[in-house]
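Colleague: Numbering (our numbering), first residue to last: 61 to 291. For glycine and all other residues, C-beta sits at the position ideal for the given N, C-alpha and C.
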Amino acid sequence: MTCPHRLYKDRMSSRHERQVLKSVKKMKLSFSGKITKSSMILLIVAALFTAVSAFTSVWRIDLSAPQYPEGMVLYIGGTEGVSGGDDGNDLYKINELNHYVGMAQIHPGDFWEFTVLPILLCAFAVLFLVAAIMKSKKLSIASLISFGIFGILGFVDFYHWTYVYGHNLSPDAPIKVPGMAYQPPIIGEKQLLNFDALSQPDLGGYLLVAAGLLLAFVVIKEMGVFGNKKN
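#1: Taking the C-alpha atoms as reference points, what is the distance between Leu204 and Phe174?
#2: Rounded to a whole number of angstroms, what is the C-alpha to C-alpha distance between Tyr68 and Val285?
#3: Can you tell me whether Ala125 is helix, strand or coil according to DSSP?
#4: Going by alpha carbons, who is nearest to Glu130 out of Val278, Lys153, Ile235, Gly208?
#5: Taking the alpha-carbon positions, what's the Ala183 to Glu140 distance?
#6: Just grab the DSSP bridge partners of Trp119 for me.
#7: For Ser83 and Asp150, what's the separation of their Cα atoms in angstroms?
#8: In this structure, does DSSP put Gly171 in helix, strand or coil?
#9: By how many angstroms is the C-alpha of Lys197 removed from the C-alpha of Thr96?
#10: Using the Cα positions of Asn228 and Val279, report the straight-line distance between them to the nearest angstrom.
#11: Name the residue from Val112, Pro168, Pro238 whose alpha carbon lies nearest to the alpha carbon of Leu263.
#12: I need the straight-line Cα distance from Lys94 to Glu282, nearest angstrom please.
#13: Excluding the five sequence neighbours on either side, which residues of its own chain have a C-beta within less than 8 Å of the C-beta of Asn155, listed in chain order?
#14: Among Met194, Val190, Pro238, Asp122, whose alpha-carbon lies nearest the alpha-carbon of Asp256?
#15: To which residues does DSSP link Val278 through a beta bridge?
#16: Quick check on Val176: buried or exposed, where buried means 16 or more other Cβ atoms within 10 Å of its Cβ?
#17: Let me know if Gly265 comes out buried or exposed under the rule of 16 or more other beta-carbons within 10 Å of its beta-carbon.
#18: Helix, strand or coil, according to DSSP, for Val176 in the structure here?
#19: Near Pro244, what residues of its chain come up, given a Cβ to Cβ distance below 8 Å and the 5 sequence neighbours on each side ignored?
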């Protein structure tokens, strides 16, 4: 004999399953067609953020130590590629310190990635703008995918640069600490001898994150994840 309570639970479970299946059938993801006016505006804003980030510092590494109470800053990105705070004097100080521990000197012209970065960011800004003007859903999706791949490759390249920079030490360095490497953190804080290194996004980096979030929101919205919307 079946328990009434069990029958009730089975009915409720079956009803819930039917409701879920009904909701899934209703939610039809769309990968083609025109985007709405509100999405077009968001894409234009994302394009503006990306264009501005091409001319500003994307990342920064702050160094502080007892003998440098004012601190030093290394800026990454923008038209200069790599630059130092205090009108460039910080880069000179950092290179002097690098000499003592056997690290390579930092010269902006040595990093082709930072020369290409502003060009790529401007290209993405144009791509987002074209997607907005054409109101193309497919181009918006392609923009999100390519922008995501660009971000992943950028972090991989940044990690590789910091690894080589911090591990390839000269054997003729005046100061040698066995087993010590000087790779700065990708993001966050790290102690390097008596220096405290803090790696974090700068203005351009935050603008790129905002642009990526706007782009992702547009694609998710236009694919119909939130339901069909007219505006």
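Modeller: Checking against the coordinates, here is how it stands:
#1: Residue 204 sits at position 144 when you count from the first residue of the sequence shown. Residue 174 sits at position 114 when you count from the first residue of the sequence shown. Leu204 and Phe174: Cα-Cα distance of roughly 22 Å.
#2: One-based indexing of the sequence shown puts residue 68 at position 8. One-based indexing of the sequence shown puts residue 285 at position 225. Summary for Tyr68: the model assigns pLDDT 48, below 50, so the residue's position carries little reliability; its value from the coordinates is reported in the next sentence. Spanning the two alpha carbons is a distance of roughly 32 Å.
#3: Mapped onto the sequence shown, residue 125 falls at position 65. Strand at Ala125.
#4: Mapped onto the sequence shown, residue 130 falls at position 70. Among Val278, Lys153, Ile235, Gly208, the Cα nearest to that of Glu130 belongs to Lys153.
#5: Translated into positions along the sequence shown, residue 183 becomes position 123. Translated into positions along the sequence shown, residue 140 becomes position 80. Taking the straight line joining both Cα atoms gives about 18 Å.
#6: Position 59 of the sequence shown, counted from the start, is the residue given in the question as residue 119. According to DSSP, which records beta bridges pairwise, Trp119 is partnered with Ile136, Pro261.
#7: Here the question's residue 83 lines up with position 23 in the sequence shown. Here the question's residue 150 lines up with position 90 in the sequence shown. For Ser83, the pLDDT reaches just 48, beneath the cut-off of 50, and the residue's location in the model is therefore unreliable, leaving the point undetermined.
#8: Against the sequence shown, residue 171 aligns to sequence position 111. According to the sequence displayed, residue 171 carries Phe and not Gly. In this structure, Phe171 counts as coil in the three-state DSSP scheme.
#9: As a first step, residue 96 is located in the sequence shown; it is residue number 36 there, counting from the start. As a first step, residue 197 is located in the sequence shown; it is residue number 137 there, counting from the start. Straight-line measurement puts the Cα of Lys197 at about 9 Å from the Cα of Thr96.
#10: Indexing the sequence shown from 1 puts residue 228 at position 168. Indexing the sequence shown from 1 puts residue 279 at position 219. Near 43 Å, if we compare the C-alpha coordinates of Val279 and Asn228.
#11: The sequence position of residue 263 within the sequence shown is 203, counting from 1. Of the residues Val112, Pro168, Pro238, the one whose Cα lies closest to the Cα of Leu263 is Val112.
#12: Counted from its first residue, the sequence shown places residue 94 at position 34. Counted from its first residue, the sequence shown places residue 282 at position 222. Cα to Cα, Lys94 sits roughly 9 Å from Glu282.
#13: Within the sequence shown, the letter at position 95 stands for residue 155. Gln165, Ile166.
#14: For this step, residue 256 is matched to residue 196 along the sequence shown. Each of Met194, Val190, Pro238, Asp122 was checked against the Cα of Asp256, and the nearest Cα belongs to Asp122.
#15: Position 218 of the sequence shown holds residue 278. None; Val278 has no bridge partner.
#16: Taking the first residue of the sequence shown as 1, we reach residue 176 at position 116. Looking at its Cβ environment, which holds fewer than 16 other Cβ atoms inside 10 Å, Val176 is exposed.
#17: Position 205 of the sequence shown holds residue 265. That one is buried.
#18: In the sequence shown, counting from the first residue as 1, residue 176 sits at position 116. Helix.
#19: In the sequence shown, counting from the first residue as 1, residue 244 sits at position 184. Short of 8 Å from the beta carbon of Pro244, and not among the five residues preceding or following it, lie these beta carbons of its own chain, in chain order: Ile121, Thr222, Tyr225, Gly226, Lys250, Leu252, Ala257, Ser259.
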